[in-house]
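4 is the number of the first residue of the sequence shown in the numbering used here; add one for each residue after it.
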Amino acid sequence: MSQEEWQDVYVEADVNSAYSIFISKLRNLYDKNVPLVRSNSGKSKNKQPWITRGIIKSILTRNRLYKLSLKQPTDENRKKYKTYRNKLTSIIRLSRKMHFTQKLENSNGNTESMWKTINTLLNKNNSHNTDEFIVNGNKLSDPKQIADAFNTYFTNIGANLASNIHNNNGHFSQYLPRNNKKSLFLNPTNIHEILEIVRLLKCTKSSGYDELSINVIKRIIHYIASPLCYIFNLSLSTGFFPQSMKIAKIVPIYKKDDASQISNYRPISLLPSLSKIIEKIVYKRLYSFLDINKILISNQYGFRKNHSTDYAILQLCDQIAASMSKKEHIIGIFMDLSKAFDTIDHNILLCKLRTYGIRGTALDWFKSYLCNRRQFVSFKSSASNISSINCGVPQGSILGPLLFLIYINDIIHAAPLFTYVLFADDTNVFYSHPNIHTLINSINTELNKLSLWFKCNKLSLNIEKTNYIRFSNIHSQNLQHADICIDGLVLNEKNDTKFLGITIDANLNWNKHVHNVCTSVSRATGILNKFRHFLPTKALTTIYNSLLLPHISYCNIAWGNSGITQINSILLLQKRALRICSHSHYLSNTDPIFQKFKSLKANDIHYFQTAIFMYKFSQNILPLTFRDMFTLNRNIHSYPTSHSSDFHLSNPVTLLAHRSIRHHGPDAWNSLPNNIKSSTSLYSFKALLKKHLVSQYTT
């Protein structure tokens, strides 16, 4: 389509009108060039995807030979039939093998797609489709009524939670810092930026209200980038977000328990695909502004560049180890917020944005982006009525998580005695003190302050799922139970709890987590074993890398130094899995197999991740929390030594401190060859380090 044909868009000064004209023209072109066709799937509904046309012809030939062998049962006819049948069976098996091998390779890195393929191989059907739902005691079977019931439930979750939060003792503004004197300017975009954003978007086939998937947009973006650029710049300059981009399509996905209860489903929000482009444009400008002005607190590890769950867990472990080394008592409270993204109050969020420097047209844009949002539920090809959403940030959006970080950013001012470890809505606080009674009294006082902050900000704390751990050291193991309370409600004390996907226990010995890892690895190894005679090495390796290795690698930097016995239990399972992948004997030496697959052993994965952490420290690209964690020898000694460029090794007084990153990190770095330590980029450092570790696996 030529640029002249977009003139109707370019002359519009109202962003809603411009976008309406654009999307109308685009849909007409899409319907004209990609028309809907009726697929006649009845004849082939039982046909497996690996059964090709050639195989179908061969099946017909086989059937004719079979009938001939029955009508004329001579030795020649029977032999001819059996030979043809056996050959065809081999071909069908090979075709099936190639089909699933290709699907596994295509789904590499996508766990959901991987499990879908594996369940097909295992003949498992994980669908939980039901034709009847129970809503307010009534049975619903009409898809339209069910869709409306889902929409009513999903729309009111956040509003109902927020309405039950009562506060008469404070105001959210009392926790806010002084106004930032600098202001955000949403500078205009250009065609080059739009093309680059679309190039980096994840390919998906799903579509929202606009019925355009990311896959389609990637194919046509060069033809529509110019009018989109005009519309986006019009939006940024006027402070209005297109109304049609604020309609979300919700798909209910079953979670667990009774499939007839709508409360056992979670909403998957599909926003218009084109809205993701302008959201990404604004996200880049907002995040850059927050980063330059150092607005986001250093304790927040969620949805931030150069931040991860690894770092959040490392901070937690470092805090515990430091307190225990000083023979202090330490308690960690692990909080659970109910539907935190859904209960955000728009007026409070806009006030916080203004405080941090988002003013004028930029603030108008965010107000337009948040307000007057609507959604509908799609269920079995039926769509519910469209409902309005009055609170929360858009689920499935690009800007939503960052806006939530801004919303919760001032939480550290509520209870300043606490050490905070935050990952988006995962809120965890810690406090230590030499005197256990002072510790408990202080924690209870601070928790009440924190509870007030939650109420002022209309966030719902789930007391039943909030728990605490009293981390044990020698002089605190025999202490009596003490009540930790929030608003007079006693919290549950636990010996272990889930924290960002790993299991933290009171002794920080990682026994429970290693057990969980072994269970997951065993399950994946069992799947490999079932397919060892069916899939080739390449496909088995794909399963190994996608379903087994992530359990061993995830946050290994925190728990992978727990103990030889624990790591060996994982390593034995890892060796068994690689023997299966390589179709080797169950007692064969695995070092050559690790070399062949260029795969690291469990203990070396820990060393690898620790060395990467130290390299990032040396390059000053770690979060601020870790910037002063280590010291070079040359900064301690007044005279030059042969190890001046090495990190200074601490003298840990406890086993926990000895295994912590403060001691183990410098030890790992100092043992590296100089050519690896002097790498000019993180990419080359990782490549050289992995090559160095794999080369040590000798036959």
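Even glycine gets a Cβ: it sits at the ideal position worked out from N, Cα and C.
In this text the structure is predicted, and so the values were computed from the model without any measurement.
Roughly how many whole angstroms lie between the Cα atoms of residue i and residue j?
i, j, result
"Gly45", "Pro52", "Here Gly45 scores only 46 on pLDDT, less than 50, and its place in the model should not be relied on; the value that follows carries that caveat. Distance between the alpha carbons of Gly45 and Pro52 is about 15 Å."
"Thr506", "Asp594", "30 Å"
"Lys199", "Phe616", "It should be pointed out that residue 199 corresponds to Glu in this sequence rather than to Lys. Approximately 30 Å, taken between the alpha carbons."
"Ile401", "Ser591", "49 Å"
"Ser47", "Thr55", "Legend: pLDDT at Ser47 = 48, less than 50; position of this residue unreliable, value from coordinates given subsequently. Looking at the two C-alpha atoms, the distance is approximately 12 Å."
"Ser110", "Lys119", "10 Å"
"Leu464", "Asn470", "12 Å"
"Gly403", "Ala343", "12 Å"
"Gln105", "Ile58", "18 Å"
"Asn139", "Ser263", "12 Å"
"Thr746", "Ser326", "In the structure displayed, the chain extends from 4 to 702; residue 746 sits before or after that span and is not available."
"Phe537", "Cys521", "25 Å"
"Gln148", "Cys374", "27 Å"
"Phe474", "Asn654", "22 Å"
"Asp34", "Ser565", "60 Å"
"Tyr618", "Leu405", "28 Å"
"Lys689", "Asn678", "12 Å"
"Val524", "Glu108", "20 Å"
"Asp631", "His666", "14 Å"
"Asn31", "Ile24", "11 Å"
"Lys533", "Ser572", "22 Å"
Measuring alpha carbon to alpha carbon, tell me which residue in the options is nearest residue i.
i, options, result
"Lys383", "Leu402, Thr133, Pro191, Leu408", "Thr133"
"Ile250", "Phe344, Ser463, Phe136, Arg377", "Arg377"
"Asn193", "Ser687, Val396, Ile281, Tyr304", "Ile281"
"Leu696", "Pro655, Asp607, Asn80, Leu627", "Asp607"
"Val219", "Cys232, Arg202, Ile234, Phe235", "Arg202"
"Asn172", "Arg665, Lys205, Trp456, Phe633", "Trp456"
"Asn350", "Lys601, Ile409, Ile389, Cys394", "Cys394"
"Lys693", "Ile26, Tyr700, Tyr434, Phe611", "Phe611"
"Gly563", "Asp313, Asn431, Thr346", "Asp313"
"Asp213", "Asn31, Leu635, Ser276", "Ser276"
"Ala527", "Ile570, Asn122, Ser682, Asn438", "Asn122"
"Thr364", "Pro191, Leu293, Ile62", "Pro191"
"Phe502", "Gly491, Leu492, Asp490, Lys515", "Lys515"
"Lys601", "Gln699, Lys468, Leu627, Lys279", "Gln699"
"Asn167", "Lys458, Thr155, His225", "Lys458"
"Val254", "Ile411, Phe153, Asp78", "Phe153"
"Ala605", "Leu627, Leu581, His586, Gln622", "Leu581"
"Leu492", "Phe534, Lys28, Ser454", "Ser454"
"Met248", "Tyr87, Leu691, Leu273, Asn163", "Leu273"
Tell me, which residues are paired with residue i by DSSP?
i, result
"Thr506", "Lys501"
"His61", "Looking at the sequence shown, residue 61 is not His but Ser. Beta-bridge pairing links Ser61 to no other residue."
"Cys488", "Val493"
"Ile271", "Val254"
"Ala386", "Ser381"
"Ser341", "Ser463"
With residue i as the anchor, note down where its beta strand (DSSP E) starts and where it stops.
i, result
"Ile414", "Looking at the DSSP string, Ile414 is not in any beta strand (DSSP E), and its letter there is neither H nor E."
"Val656", "That residue, Val656, is in no beta strand (DSSP E); it is neither H nor E in DSSP."
"Gly335", "332 to 338"
"Thr430", "429 to 436"
"Phe426", "422 to 426"
"Val380", "376 to 382"
"Ile472", "470 to 474"
"Ile137", "136 to 138"
"Asn141", "141 to 143"
Name the two residues that bound the continuous alpha helix (DSSP H) containing residue i.
i, result
"Gln318", "312 to 328"
"Ile392", "No alpha helix (DSSP H) holds Ile392; the beta strand (DSSP E) holding it covers 390 to 392."
"Tyr372", "363 to 373"
"Asn532", "514 to 534"
"Leu231", "217 to 241"
"Ser93", "78 to 109"
"Asn350", "349 to 359"
"Met617", "605 to 621"
Quick one: does residue i have its CB under 8 Å from some CB of chain C?
i, result
"Ile334", "You won't find chain C in this structure, because it holds only one protein chain."
Q. Given 8 Å as the limit, is there contact between the region 574 to 588 and the region 540 to 554, that is, 3 or more CB pairs closer than that?
A. yes
(Q) Count Cβ pairs between the region 328 to 343 and the region 436 to 454 that sit closer than 8 Å; are there 3 or more? (A) yes
Q | Three or more C-beta pairs below 8 Å linking the region 68 to 79 and the region 504 to 523 | A | no
Q. Between the region 531 to 544 and the region 490 to 506, do three or more beta carbon pairs fall short of 8 Å?
A. no
Q | Cβ contact check for the region 295 to 307 and the region 413 to 426: 3 or more pairs under 8 Å | A | yes
Q: Would you check if the region 210 to 227 and the region 172 to 189 touch, i.e. whether three or more CB-CB distances between them fall below 8 Å?
A: Output reads no: the region 210 to 227 does not touch the region 172 to 189.
Q. Are there three or more Cβ pairs, one per stretch, closer than 8 Å when the region 207 to 215 is compared with the region 226 to 241?
A. no
**Q.** contact_flag[the region 556 to 571, the region 309 to 317] where n(CB pairs < 8 Å) is 3 or more
**A.** yes
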